[in-house]
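Worksheet for the structure shown next.
In the numbering used here, the protein residues as written are 4 to 765.
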């Protein structure tokens, strides 16, 4: 994207923001005292800011002149006409760049160059001015006086009703490199013959009718940029009855007359709006090819609104060349980039129309970067051409398609932005609302990309919600039904798809399981809906098909852990011997193995499997439902738990210890007791690293868990391992309590310390 288009939509720098603020103060006549002249860079920014704020009127220009500002660049174009008494304030500045296009003196119907120089230009400006734009529509007189600007490098007379006599002044400007005579009455360019110093010649919409055009073009060997475009967007409808020289054909004639002739420095040529011999695509293609082949540095050719526009063109040279037309969506955006910041309203509107039709017919073909660039340049064009109805209509239509693709693409872009670990950790995020909107979007969009992003957001945000908010959210059965459906769908895709789709399914499945794990936590109603929608059956299918994915299995077992806290659901699992055996198999593993992140995946899987079994052990009438006895399951749990090492990183967090208390209240089975106490020890040992942190100590005192620990640690009738785990919990509680007492005591001492200086009262 060009820098100017990017700058239009980029945040302002601190210097630009300061200039904008000062411009506002100048407009309100509230400028603070300025001790010394401000540097020219800052002064120029202030002038530009005033122009953007429409403050550069008669009063604004007078206020600028009264301030101590170094200003080297002033652009009064589109600021209205000024009387000489105001324009004369320009003489206070030593300017290097001046544009008064259509801003000539309001007290005269002509623009007299001699009078303008006498009244408005300082001697320093005469010596230093390098850029001068005096384009406009009023008659100009005494233009030969322009030769007084000895350092002038760029001159624009665009739009002035001047004829070829005005070009004679060019010979008296030895440093002139750019000349713009677009839309003038110049009909003969012979006066430019031999001007090798000219690097850019802009002749947009110029109707040359006489003179030796080929000889003049042949002599301009220093050209780098040549604009011979015509202000028509349909070359076939050019209704001019005048016999004008076809400038592209004149260039072709120069090259045909001399097989070695070229413009050795020519980099860019604008042929837009030309008929290119008016003999169809092939002839136009031949002309462009000849230009490219004979001019070794030519790298940019505009053929917008020519016979080649909309047609693919194969570049006949090996160097990088940019062909500006609307054959492809990329070229259409390039064309818009090329013209939005010019005064070529017709070409800007034409490019916008092309972009609009491509958005209308093939929005999905645009890449994300193309959409972003397209939106940026369309907005820039709309701001630049506020008064042109064609540009505003076409640009608005483009924005409609960019923002209204069934609001789907807009939603997709929003979720892509939000799906960011950093953003979702920021303070001030409403986790409940974010999660709810993500779930709603997931329900109404069938797109796999949206599904992956929204479910990822839910899985990240759900653990951060307050318990009551999570319960409210999980009470909506639509969400749970859809998440179970996603489990089933992605399991099927994983089993039946190729590697890429299987990888996407695995990604979505992981986040779906994480979301369900959090939404079923401490929410019996959600667990019942989960079971009713065959969530338990799908969970065991996932366990079976993902034997080598301990991370997936752990998430499934975490969900089943929550579900098994509801009596009817654990009874359902007990009644299916296949389910029970699958859970017992998950107890086993290599507990000595730690992955690169420090996680012991085998212990994690075994822990959550044991949690499900600990809840199932509470079921009555065991013998009527399973070929595995309660004692066998209990023994398998004890054997596994005895092998678990203490983990170096946290694997789980709890909102409440009530599930442990409930198990300890209802059973004396060793496996269930060991599981509860091991789990509490684990979260307490990682309380500082855990999201709930110090909250575990208050959870411990508010529940009956500490009472159970005291009872078990003192009882001679319980297993030694149970006594040890219970004692460790007591010790952690006492250590934390003593630490808190010490911290409070130290704090109180510091507050009461006499070292804090006291003021005596008189």
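Cβ atoms here follow ideal geometry from the backbone N, Cα and C, with glycine treated the same way. Quick caveat, the model's predicted, so the values are computed rather than measured.
- Comparing alpha-carbon positions, the option among 342, 418, 370 and 364 lying closest to residue 384 turns out to be 342.
- In this structure, DSSP gives residue 367 a helical state, which the three-state scheme calls helix.
- In the same chain as residue 352, and ignoring 5 residues on each side of it, the C-beta atoms closer than 6 angstroms to its own belong to 393, 394 and 397, in chain order.
- In this structure the segment 544-561 lies against the segment 604-614, because at least three pairs of beta carbons, one per stretch, are closer than 8 angstroms.
- In this structure, residue 100 lies away from residue 83, with their beta-carbon atoms at least 9 angstroms apart.
- Its Cα nearest to that of residue 146, the residue 114 stands out among 114, 128, 126 and 212.
- Straight-line measurement puts the Cα of residue 269 at about 36 angstroms from the Cα of residue 16.
- The C-alpha of residue 645 lies about 48 angstroms from the C-alpha of residue 447.
- In the DSSP annotation of this structure, the continuous segment of the beta strand (DSSP E) that includes residue 142 starts and ends at 142-144.
- If you check the CB distance, residue 234 and residue 207 come in under 9 angstroms.
- Between residue 583 and residue 636, the C-beta gap is smaller than 9 angstroms, which places the two residues in contact.
- The segment 15-30 makes contact with the segment 48-65; the number of CB pairs closer than 8 angstroms reaches 3 or more.
- Here residue 287 is not near residue 257, since their CB atoms are 9 angstroms or more apart.
- The three-state secondary structure of residue 40, taken from DSSP, is coil.
- In this structure, the CA atom of residue 525 is about 11 angstroms from the CA atom of residue 562.
- For residue 290, the secondary structure class from DSSP, reduced to helix, strand or coil, is helix.
- Taking C-alpha positions only, residue 360 is separated from residue 300 by approximately 33 angstroms.
- The three-state secondary structure of residue 198, taken from DSSP, is coil.
- Cβ neighbours of residue 175 within its own chain (closer than 6 angstroms, five residues either side excluded): 150.
- Beta-bridge partners of residue 113 (DSSP): 142.
- Going by DSSP, residue 158 is part of the beta strand (DSSP E) stretching over 157-159.
- For residue 613, no beta strand (DSSP E) run applies; the uninterrupted alpha helix (DSSP H) run containing it begins and ends at 604-619, by DSSP.
- One Cα belongs to residue 226, the other to residue 201, and the distance between them is close to 6 angstroms.
- Secondary structure in the segment 375-419: the alpha helix (DSSP H) runs of 4 residues or longer, each lying completely within the stretch, are 392-406 in chain order.
- Taken through DSSP and simplified to helix, strand or coil, residue 448 comes out as coil.
- By a beta-carbon distance limit of 8 angstroms, residue 465 contacts residue 521. Their separation comes to about 4 angstroms.
- With fewer than 16 other Cβ atoms from the protein chains shown falling within 10 Å of its own Cβ, residue 741 counts as exposed.
- Under the three-state reduction of DSSP output, residue 87 falls in the helix class.
- At least 9 angstroms separates the beta-carbon of residue 104 from that of residue 132.
- Residue 220 is not a Cβ neighbour of residue 182, given a cutoff of 9 angstroms.
- For residue 659, the CB contacts under 7 angstroms within the same chain, skipping 5 residues up- and downstream, are 525 and 702 in chain order.
- C-alpha of residue 443 to C-alpha of residue 600: approximately 34 angstroms in a straight line.
- If you draw a straight line from the Cα of residue 493 to the Cα of residue 511, it is about 7 angstroms long.
- The DSSP-derived three-state label of residue 325 is strand.
- Around the beta carbon of residue 315, a 10 Å sphere encloses fewer than 16 other beta carbons of the protein chains shown; the residue is thus reported as exposed.
- Residue nearest to residue 390 within the set 590, 81 and 571 is 81 (criterion: CA-CA distance).
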